[in-house]
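K.L.:
I'd like to ask you about the structure that follows.
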Amino acid sequence: MSAFQIVFLLIALLTLFSALMVVFARKTIHSAFWLILALFGVAATFATLAASFFVVIQVAVYIGAIAILIIFTVMLTRRSMEESGDQLLPGWGWAALVVLIVFGGLVFMLLQWQGIFQPPQVLTAGGENLENLGMALVMPDRYVIPFEVASVLLVAAMIGAIYVAGDHKKRS
Amino acid sequence: MIPLAWYLIFSAGLFSIGLLGVLVRKNAVSILMGVELMLNAVNINLLAFWRYLWAPEVDAQVFVAVVLIAAAAEAVVGLALIISAYRRRQTVVVDEMNLLKG
Amino acid sequence: MTSEVLLWLIPFPPLLAFGLIALFTHRQRALSHSLAIASVALSWLLAMVVFFRAVSQPHLSEEPFVSALNWLPLGGDWLKIGVLMDPVSAVTLFFVAWTILMIFIYSVGYHNFGQPEGDHDQPGLPPHGAIVRDAHGHTHRVPSIEPMYSRFFALSSLFAFAMFLLVITDNLLTLYIGWEIMGFCSYMLIGFWYGKESARKAAIKAFLTTRVGDVFMLLGIVGVYTATGSLNYREALMNPDVLRVLAETPSGVLNLSVAGLLGLLLFIGTVGKSAQFPLHVWLPDAMEGPTPVSAMIHAATMVSAGVYLTVRIYPLLSAGQEGGALTPAMSVVALIGTFTALFAATIALAQNDIKRVLAYSTISQLGYMIAAVGIGAYVAAVFHLVTHAFFKALLFLSSGSVIHGMEHGVLHTDEKIDPQDMFNMGGLKARMPVTFWTFLIGGLALSGFPVLTAGFWSKDEILTGAFAGHHWWVFGTLALAAFLTAFYTMRQITLTFLGTPRTHAAEHAVESRAVMTAPLVVLSIFAVAFGWSGIPEKFPLLGGLIPNWFGGFVGSMVHAEGEHTVESLLPLLTSLVVSLGGLTLGWLVYRNVRAGDPDPLQKPLGALYRVFKYKYGIDELYDAVFVRPSIWLAEVFTYRFLDKMVLDGIIEGVARGTWNLGLALRRYFDLAVINWFGDAVVSGGTRRGGEALKPIQSGRVQQYLIVTFVGAILLGIVLYLMFVG
Chain V
0 MSAFQIVFLL IALLTLFSAL MVVFARKTIH SAFWLILALF GVAATFATLA
50 ASFFVVIQVA VYIGAIAILI IFTVMLTRRS MEESGDQLLP GWGWAALVVL
100 IVFGGLVFML LQWQGIFQPP QVLTAGGENL ENLGMALVMP DRYVIPFEVA
150 SVLLVAAMIG AIYVAGDHKK RS
Chain U
0 MIPLAWYLIF SAGLFSIGLL GVLVRKNAVS ILMGVELMLN AVNINLLAFW
50 RYLWAPEVDA QVFVAVVLIA AAAEAVVGLA LIISAYRRRQ TVVVDEMNLL
100 KG
Chain S
0 MTSEVLLWLI PFPPLLAFGL IALFTHRQRA LSHSLAIASV ALSWLLAMVV
50 FFRAVSQPHL SEEPFVSALN WLPLGGDWLK IGVLMDPVSA VTLFFVAWTI
100 LMIFIYSVGY HNFGQPEGDH DQPGLPPHGA IVRDAHGHTH RVPSIEPMYS
150 RFFALSSLFA FAMFLLVITD NLLTLYIGWE IMGFCSYMLI GFWYGKESAR
200 KAAIKAFLTT RVGDVFMLLG IVGVYTATGS LNYREALMNP DVLRVLAETP
250 SGVLNLSVAG LLGLLLFIGT VGKSAQFPLH VWLPDAMEGP TPVSAMIHAA
300 TMVSAGVYLT VRIYPLLSAG QEGGALTPAM SVVALIGTFT ALFAATIALA
350 QNDIKRVLAY STISQLGYMI AAVGIGAYVA AVFHLVTHAF FKALLFLSSG
400 SVIHGMEHGV LHTDEKIDPQ DMFNMGGLKA RMPVTFWTFL IGGLALSGFP
450 VLTAGFWSKD EILTGAFAGH HWWVFGTLAL AAFLTAFYTM RQITLTFLGT
500 PRTHAAEHAV ESRAVMTAPL VVLSIFAVAF GWSGIPEKFP LLGGLIPNWF
550 GGFVGSMVHA EGEHTVESLL PLLTSLVVSL GGLTLGWLVY RNVRAGDPDP
600 LQKPLGALYR VFKYKYGIDE LYDAVFVRPS IWLAEVFTYR FLDKMVLDGI
650 IEGVARGTWN LGLALRRYFD LAVINWFGDA VVSGGTRRGG EALKPIQSGR
700 VQQYLIVTFV GAILLGIVLY LMFVG
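Just so you know, the sequences run in chain order V, U and S.
The first sequence begins at 0 in numbering that gives the first Met the number 0 and counts up one residue at a time.
The second sequence begins at 0 in numbering that gives the first Met the number 0 and counts up one residue at a time.
The third sequence begins at 0 in numbering that gives the first Met the number 0 and counts up one residue at a time.
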C-alpha cells in the first residue's frame, strides 16, 4: 500500500468517524463541532482528488458559512432540547437497519460495475484547469444558464430566509 | 494510486451515515446536519467521477459548484424555518411538529 | 531526516495536541497537560535539532534551508507555501521553543494541578480556593484547581502551533495565517475567565485593536503581491533587483516610494501586534488573562512576532537608502519606536499592579526594538528581541509566582486585598527566595545591569547603533527611557521583595512549587548567559574574549552592514550611568515605604504623576473619538436607518410582492380554476380515499422518509431482478 493510500484511508476513517459522532453525539453543539471536522475531512478528500479549488470552496462555504450558521442556530434554539435528554428517536434501530441495507445495496451495485477499476485521467499540472472552470461557468454555450439560475435561487433563498426568520410581531 | 472504488465506497458510507442522522435524530438542526453530510457525499462522488472519467474536462466540476450553491440555499432556508418554527412553537423537535397529521 | 523535513514537522505536534485535548481528553486533566507538554517538548526537540544544524551550516543566509509546495491554484499560477530557516528565523525559533516549553511546564503549577476542586468554583471564573480538613480536624483554605484546566492547555497548544508556523514559514501569507490564529488564541485566553466583565472587555479590546493593524497589514500583503507577484521573503523582500525597482517607483502617496509605502502598511500590523503607540492600549488590559498567558502571548512570543515581521520587512523599509540617511519609512518606524519606548516607560512609573508595570515595560522594550530597526541597527534589534523574550518571560512567570504566593496568603488570612498590588506586598524576599532571585535576575536584565545580564548587551548595542548613526534624538530618548526602566524595575523589586511585609497576606505568602520555580531557574540562566553570545568585539577589556557569534550570524542577513565602528566610549558610559543610576535611585526612593503610605513619587511629580497614572487619558480619548461614534453609527445609522428602513424595506417589498402574486394566483387561478375542477370532479373520490389512508399520516417527516427509503430499496430489488438478475 502506498503512502498516499494510507493517507487517504486515514482521512476517510477520520471523516466517517466524525460523521458518526455527528449522528450520535449527545449534545447538539458537539454534533456541530464534529460536523466541522467531518467537513474538513471531505475537504482533504477533495485535495486527494486534485480539486484544489473545491478544497478552498469547501472550507470557505461549508465550514466558514454553513457550519457557522448551524452553530448559531443551535445556540439560538438551545432552550428547546434538554441537553441531557435522549437525542435519538425511539426505534432508531429499524432506521439503522434500513440505512445498512441502503449502504449494502449501494456497495453491491458498485461492485457489479467494471468502471470502478478505471485508472485516473492524466492531469496537466498548473492552474489552467481552474481557468477552464471559470470559463465554463460564464460561457453562453456552456453552463451560464444553470449557473445564473443557481445564483437567482440563492438570492431567493436568502430573501426568503430573512423574511421567514424575521420577527414580524411588531408589525402585525 | 487510490482505486476509484475506494472513493465511491467512502462516499456511500458518508451518505448512509448522513441518512441515518436524518432518520434518527430528534432535533431539526441535527437533521439538517445529516443532510449536509449527504450532500458532501454527493460532491465526493461527483469529484471522484470527474477525476477518474472526465478530467481535464470541467463539466463535472460545474455540477459540484451547483450542488454547493444548492446546499447553501438549503441550509439558509432550512435554518430560517427552524428558527421560525422555534419562535412559534418553542421546539426544534421534529416529532412535535405534526401539523400535517391526518 | 533532512532539516527541511524536520522544519515542516515543527508546528504540528501542538496542533495535534489541541485537537486531541479539545475532542477527547478534556475531562482528564493529567492526560491533557501531559499531551500538551509532550507536544511542545517534541516541537522543542525538533526546533533544537534544526537550530543546531542551522548554526553549524556555513553561509546560512546565502543558502538557508528551504522547501516549498504548491498550495492554491490561482488562474495561471500557484500560491506556494514553504518553510525557510535563515539566521533570523533560527534565533527566533530558538527562543520561541524555549520560552513556550518553560511556560507550559509552569502552567501546570500555576493552575494548581493536584489541588482539590473548589467548593463553588465555576468555569469562567478564577478558582476561589477550597476548604480542606486535615488529620487534626482543622480546616484550611487552600488554592483550588482551575475549573477549565484542559481548555487552557488546548488553547495554549493551538497558540504554540501558530507561533511555530509563523516562525518557520517562508512567505507573508502563511505568516499572516499564524498571526491571525494567534490573535484568536490571544482573544480566547485574555477572556479565559469570561465570567469577569473586565476580562470580557479586555478580550474584545485586544481583538479589535489588533484588528485595526491587521487590516492595514493585509493591504500591505496584497500590495506586495501586486507589486512583485510573490509573497515569498526571498523572492519579494530580499531580492535586490525587485527592491531597486520598488524603491524607484513613486507610490503617489506622501512622496513615498512603493517600497516605503508597502513597508509602512505592513509595519502598521506590527504596531497593532506589538502594541506600539497609538495601538498600544490593548496590551495592559490583556493582563486580565492568567499569568502564563501574559508571559507567553503578551511578553515573550506573540508580541515578538510583530518585531519579527518588522525585521523581515527591513529590506522594504530601507530600500533606496543611501549613505547613512534614513529613508522616510525608516524615520517613521524609528519615531514610533522611540516615542513608544519613552511613553510607556513613563506610564510604568505610576502603576501599582505588578503585572501592569511589566506590561508597560514590555511595550517600552518593544519600542526599543522597533526603534533599532528604524535606525538600521538590524542585529541589535534581533538581539534585543531574543534577550527580551527570555527575561520578560522570566519576569512574568516570577510575578505570577509572586501573585500565587500572595493569593495563598490571602486565602490563609482572609484579608480583602488585591494580591497583585505591589503596595500590599513587601518583604517577600524571605518568604519566596527562589522567586526573589529569579525576579531579581530578570529585573536586572531588564534594566540593563552592566556586563552580567543579557539586557545590558542588547540595550547597549541599540544605543551604540543610534550613536554610530548620529541619530541624537533617538539616542537621547532611548537613554532616558532606559533610565526610567531601571528606576521602575527597582521600584518594583523594592516594593515587592525588600523591606517589611505591609499586609498579613504578605507575611503568609509561600514559595511556589518546584514545577513553577524550575522554569524560572532555566529562564534566568538564559536571561544572563544569552547576552554573552553577542559581546561586540570593540568592547573595552571584554571584547573579543568570546567571539561575537550573534553579530556574525544574524549580521550576515544584511549585506552592507557597516559594523558600527564607534571609538567613543560615550554610549557605553551612558548605558552604565542610566542603568546603575536608575537602579540606585529606585532603591533610595522606595526602600522605606510603609503600609498605607502613598507613592513617594506622587508629591515631587505632582500633576504629572496623575497623567502617568491615568495613562495620558488615551483610553478615554479613544472611547470618545472611536468607540462611542462607532456604537452610534452601528445603532442609529446602520441598524435603525440602513438595516431596518432601507434594506428591510427592499426585502420586505420583494417578499410582499411575491406574496401578493401568490395570493392573486390563488384567488384567480387556484381557487377559481383548479379547485372548481377538484371540488366538482375529484373531491369525492379523494375524500373517501383520504379517510381510508388517514391512519398512516402521522405527520412525522422522518417516518415518511424511512418509508420512502424502504420503497426505494424494494424498487431497487425489483429493477435489479428484472434487468440484471
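Note that beta-carbon positions come from the ideal geometry of N, C-alpha and C, so glycine has one too.
This structure is a prediction, so every number in the text was calculated from the model and none was measured.
May I ask you to verify whether the stretch 432-448 of chain S touches the stretch 302-313 of chain S, counting CB pairs closer than 8 Å and requiring at least 3?
P.N.:
Verdict: no, contact absent.
K.L.:
At 9 Å on the CB atoms, spell out the chain C contacts of leucine 718/S, in chain order.
P.N.:
The chain inventory of the structure shown lacks chain C, comprising the protein chains V, U and S.
K.L.:
Which word fits serine 171/V, buried or exposed, when buried means at least 16 other C-beta atoms lie within 10 angstroms of its C-beta?
P.N.:
Residue numbering aside, residue 171/V sits at position 172 when the first sequence is read from its first letter. Note that serine 171/V scores a pLDDT of 46, beneath 50, so its modelled location is shaky; the value from the coordinates is reported in the next line. Result: exposed.
K.L.:
Using a C-beta cutoff of 7 Å, does valine 93/U count as contacting chain S?
P.N.:
On the second sequence, position 94 is the one that residue 93/U refers to. At least one chain S Cβ lies under 7 Å of valine 93/U.
K.L.:
Can you name the residues that DSSP bridges to glycine 81/S?
P.N.:
Residue 81/S sits at position 82 when you count from the first residue of the third sequence. Glycine 81/S is bridged to Ala67/S.
K.L.:
Could you check if leucine 720/S is buried or exposed, using at least 16 other CB atoms within 10 Å of its CB as the buried criterion?
P.N.:
Residue mapping note: residue 720/S aligns to position 721 of the third sequence, counting from 1. With fewer than 16 Cβ atoms within 10 Å of its Cβ, leucine 720/S is classed as exposed.
K.L.:
Along chain S, which residues have their Cβ under 7 Å away from the Cβ of leucine 22/U?
P.N.:
Position 23 of the second sequence, counted from the first residue, corresponds to residue 22/U. Under the 7 Å cutoff, chain S gives Gln701, Leu704, Ile705.
K.L.:
Beta-carbon of isoleucine 35/V versus every beta-carbon of chain S: anything under 7 Å?
P.N.:
Along the first sequence, one-based indexing puts residue 35/V at 36. Not one chain S Cβ lies under 7 Å of isoleucine 35/V.
K.L.:
Taking alanine 43/V as the query, report the chain U residues whose CB atoms sit under 8 Å from its CB, ordered along the chain.
P.N.:
As a first step, residue 43/V must be located in the first sequence, where it is residue number 44. Within 8 Å Cβ-Cβ: nothing; alanine 43/V doesn't reach chain U, min ~11 Å.
K.L.:
Pick from Ile461/S, Leu393/S, Leu704/S, Gly404/S: whose alpha carbon is nearest that of isoleucine 102/S?
P.N.:
Translated into positions along the third sequence, residue 102/S becomes position 103. Nearest of Ile461/S, Leu393/S, Leu704/S, Gly404/S to isoleucine 102/S, Cα basis: Leu393/S.
K.L.:
Of all the residues that make up the stretch 6-21 of chain S, which are near chain V by a beta-carbon distance shorter than 7 Å?
P.N.:
Under the 7 Å Cβ criterion, the stretch 6-21 of chain S contributes no residue.
K.L.:
Could you compute how far the alpha carbon of leucine 245/S sits from the alpha carbon of asparagine 69/S?
P.N.:
Residue mapping note: residue 245/S aligns to position 246 of the third sequence, counting from 1. Residue mapping note: residue 69/S aligns to position 70 of the third sequence, counting from 1. Using only the alpha carbons, I get a separation of about 26 Å.
K.L.:
Does DSSP classify serine 31/S as helix, strand or coil?
P.N.:
Indexing the third sequence from 1 puts residue 31/S at position 32. Helix at serine 31/S.
K.L.:
Using a Cβ-Cβ distance under 7 Å, would tyrosine 61/V count as near chain S?
P.N.:
Here residue 61/V refers to the residue found at position 62 of the first sequence. Not one chain S Cβ lies under 7 Å of tyrosine 61/V.
K.L.:
Please list, in chain order, the chain V residues whose beta carbon lies closer than 7 Å to that of isoleucine 81/U.
P.N.:
On the second sequence, position 82 is the one that residue 81/U refers to. By Cβ distance, chain V contributes Thr72, Thr76.
K.L.:
How would you call asparagine 111/S, buried or exposed, if buried means at least 16 neighbouring beta carbons within 10 angstroms?
P.N.:
For the purposes of this step, residue 111/S is taken as the residue at position 112 of the third sequence. Buried, by the Cβ-count rule.
K.L.:
Could you name the residues of the stretch 99-113 of chain V whose beta carbon sits closer than 8 Å to any beta carbon of chain U, in the order they occur along the chain?
P.N.:
Correct list: Leu99, Val101, Phe102, Leu105, Val106, Leu109, Leu110.
K.L.:
Flag this pair as yes or no: are the beta carbons of threonine 452/S and alanine 465/S separated by less than 7 Å?
P.N.:
The residue given as residue 452/S occupies position 453 in the third sequence. The residue given as residue 465/S occupies position 466 in the third sequence. The answer is no: Cβ separation not under 7 Å.
K.L.:
Runs of 3 residues minimum, wholly inside the stretch 273-354 of chain S: which ones carry the beta strand (DSSP E) assignment?
P.N.:
If we require 3 residues or more, the stretch 273-354 of chain S turns out to have no beta strand (DSSP E) run fully inside it.
K.L.:
Is it right to say phenylalanine 722/S is buried, meaning 16 or more other beta carbons lie within 10 angstroms of its own, or is it exposed?
P.N.:
Against the third sequence, residue 722/S aligns to sequence position 723. That one is exposed.
K.L.:
Counting only runs that start and end within the stretch 455-513 of chain S, where is the alpha helix (DSSP H) found for 4 or more residues in a row?
P.N.:
Fully enclosed alpha helix (DSSP H) runs of 4 or longer: 471-496, 503-506.
K.L.:
From the DSSP secondary-structure annotation, give me the bridge partner or partners of threonine 168/S.
P.N.:
Mapped onto the third sequence, residue 168/S falls at position 169. Beta-bridge pairing links threonine 168/S to Val82/S.
K.L.:
Anything in chain V within Cβ reach of leucine 218/S, meaning under 9 Å, just list it in chain order.
P.N.:
Translated into the one-based positions of the third sequence, residue 218/S becomes position 219. Near leucine 218/S there are no residues of chain V at all, since even the closest Cβ is about 21 Å away, more than 9 Å.
K.L.:
In this structure, how does DSSP classify methionine 368/S when only helix, strand and coil are distinguished?
P.N.:
As a working mapping, residue 368/S is identified with position 369 in the third sequence. Looking at methionine 368/S - three-state DSSP - the assignment turns out to be helix.
K.L.:
From the DSSP output, in three-state form, read off isoleucine 144/S for me.
P.N.:
Along the third sequence, read from residue 1 onward, the residue named residue 144/S stands at position 145. Coil.
K.L.:
For isoleucine 534/S, which of helix, strand or coil comes out of DSSP?
P.N.:
Reading the third sequence from its first residue, position 535 is the one you call residue 534/S. In this structure, isoleucine 534/S counts as coil in the three-state DSSP scheme.
K.L.:
Start and end of the beta strand (DSSP E) containing alanine 129/S?
P.N.:
Position 130 of the third sequence, counted from the first residue, corresponds to residue 129/S. Counting along the chain, the beta strand (DSSP E) containing alanine 129/S begins and ends at 129-132.
K.L.:
Taking the alpha-carbon positions, what's the isoleucine 492/S to threonine 437/S distance?
P.N.:
As a first step, residue 492/S is located in the third sequence; it is residue number 493 there, counting from the start. As a first step, residue 437/S is located in the third sequence; it is residue number 438 there, counting from the start. The straight-line gap from Cα to Cα measures roughly 11 Å.
K.L.:
At a CB-CB cut-off below 9 Å, which residues of chain U make contact with alanine 116/V?
P.N.:
For the purposes of this step, residue 116/V is identified with residue 117 of the first sequence, where counting begins at 1. Note on identity: in this sequence residue 116/V is phenylalanine, with alanine being the wrong assignment. In chain order: Pro2, Leu3, Ala4.
K.L.:
Are the stretch 604-618 of chain S and the stretch 516-533 of chain S touching by the rule of at least three beta carbon pairs closer than 8 Å?
P.N.:
Judged by Cβ distances under 8 Å, the stretch 604-618 of chain S makes no contact with the stretch 516-533 of chain S, as fewer than three pairs qualify.
K.L.:
Take the Cβ of alanine 559/S as the centre, count every other Cβ of all protein chains shown within 10 Å, and call the residue buried at 16 or more, exposed below.
P.N.:
Working through the third sequence from its first residue, we reach residue 559/S at position 560. Only weak support is given to the placement of alanine 559/S: the predicted model assigns it a pLDDT of 49, under 50, and the question is left unresolved by the model.
K.L.:
Name the DSSP beta bridge partners of arginine 24/U, please?
P.N.:
Position 25 of the second sequence, counted from the first residue, corresponds to residue 24/U. The partner list for arginine 24/U (beta bridge, DSSP) reads Leu87/V.
K.L.:
Rounding to the nearest angstrom, what Cα-Cα distance links leucine 164/S and threonine 138/S in this structure?
P.N.:
In the third sequence, the residue the question calls residue 164/S occupies position 165. In the third sequence, the residue the question calls residue 138/S occupies position 139. The straight-line gap from Cα to Cα measures roughly 49 Å.
K.L.:
Take asparagine 423/S and list the residues in its own chain whose beta-carbon comes closer than 8 Å to its own, dropping the five residues that flank it on each side.
P.N.:
Position 424 of the third sequence, counted from the start, is the residue given in the question as residue 423/S. Excluding residues within five positions, the ones whose Cβ falls inside 8 Å are Met405, Ile416, Asp417, Arg501, Thr502, Ala504, Ala505.
K.L.:
Can you tell me where the alpha helix (DSSP H) with leucine 541/S in it begins and where it stops?
P.N.:
Walking along the third sequence from the start, residue 541/S turns up at place 542. No alpha helix (DSSP H) holds leucine 541/S; DSSP gives it neither H nor E.
K.L.:
Determine the closest residue to lysine 272/S out of Gly399/S, Leu365/S, Arg243/S, with distance taken between C-alpha atoms.
P.N.:
For this step, residue 272/S is matched to residue 273 along the third sequence. Closest option to lysine 272/S, Cα to Cα, is Leu365/S.
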